[in-house]
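Enquirer: I'd like to ask some things about the structure below.
Numbering (the UniProt record's numbering), first residue to last: 1 to 83.
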């Protein structure tokens, strides 16, 4: 799986994004909002990245992304690898 991800990076089909210090309050806010799931820092980072880059399409095996909302309102479009 890691080698496949590396190939996608080289083909520019996937990109890496940074979280900045200004995003920290939002990360904590999301983890508090979704504490019943619970949301971890990695998931919060992906949600904040989606908000910052204005994307909603995500490839993940984590079913929590069917519940998380971008900007507290918009659902993710989760790529279904099984259909």
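Beta carbons: idealized from backbone N, C-alpha and C, even for Gly.
Counting Cβ pairs, one atom from each stretch, are 3 or more of them under 8 Å apart for the region 28-43 and the region 9-19?
Expert: no
Enquirer: With DSSP run on the structure shown, which of helix, strand or coil describes residue 15?
Expert: Against the chain shown, residue 15 aligns to sequence position 15. Correct three-state label for residue 15: coil.
Enquirer: How big is the Cα-Cα spacing for residue 91 and residue 35?
Expert: The structure shown does not extend to residue 91, since the chain is modelled only from 1 to 83, so the question has no answer here.
Enquirer: Does the beta-carbon distance from residue 79 to residue 47 come in below 8 Å?
Expert: Here residue 79 is taken as the residue at index 79 of the chain shown, counted from 1. Here residue 47 is taken as the residue at index 47 of the chain shown, counted from 1. Residue 47 is positioned such that its CB atom lies no closer than 8 Å to that of residue 79.
Enquirer: Residue 69 bridges to which residues according to DSSP?
Expert: Residue 69 sits at position 69 when you count from the first residue of the chain shown. In the DSSP output, where bridge partners are listed per residue, residue 69 has 75.
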